[in-house]
Amino acid sequence: MAFFTGREDIAGIPSIVTDFVKFGCLEYTEAKDFGARLNIVQQLGNGPTLHSFARPVHGDLKPDHFRITEYGVVQIIDPSLARYETNEHTGLTTLILPFVAPELPSLT
Numbered sequence: 052m053a054f055f056t057g058r059e060d061i062a063g064i065p066s067i068v069t070d071f072v073k074f075g076c077l078e079y080t081e082a083k084d085f086g087a088r089l090n091i092v093q094q095l096g097n098g099p100t101l102h103s104f105a106r107p108v109h110g111d112l113k114p115d116h117f118r119i120t121e122y123g124v125v126q127i128i129d130p131s132l133a134r135y136e137t138n139e140h141t142g143l144t145t146l147i148l149p150f151v152a153p154e155l156p157s158l159t
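Numbering (the working numbering), first residue to last: 52 to 159.
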């Protein structure tokens with residue numbers, strides 16, 4: 052499973068950089084058997100544990116927020132609304148401002 056990479060190409064201006072991913076989740080799974088579909092679900096379930104050092108939990112995981120490569124590797128995208136877990140706070144919902152949609156900060 053691959054995740055987005057946050058970076059700043061121009062100092063002070065954050066951007067999200069992801070690989071080109073050919074398939075949407077439904078488009079990819081239409082022609083696949085149960086085993087391939089189960090593998091996708093397992094990747095989605097295990098994905099956040101792969102990056103446990105940062106402890107992010109995607110706050111809005113739905114079919115539009117992940118893509119699948121031609122090799123069956125899931126990539127989670129759109130991390131704008133996420134939840135972090137720390138020793139002091141569990142389930143703290145937060146906006147990740149560098150990656151949030153422009154209209155969301157005005158709603159808070």
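Using N, Cα and C, we set each Cβ at its ideal position, and we do this for glycine too. Every value quoted in this text rests on a predicted model; they were computed, and no experiment measured them.
Where do the ends of the beta strand (DSSP E) carrying residue i lie?
i	result
residue 119	117 to 119
residue 127	125 to 127
Would you kindly report the start and end of the unbroken alpha helix (DSSP H) that includes residue i?
i	result
residue 79	76 to 80
Can the beta-carbon of residue i be found less than 8 angstroms from the beta-carbon of residue j?
i	j	result
residue 91	residue 119	yes
residue 121	residue 83	no
residue 89	residue 114	no
residue 117	residue 125	yes
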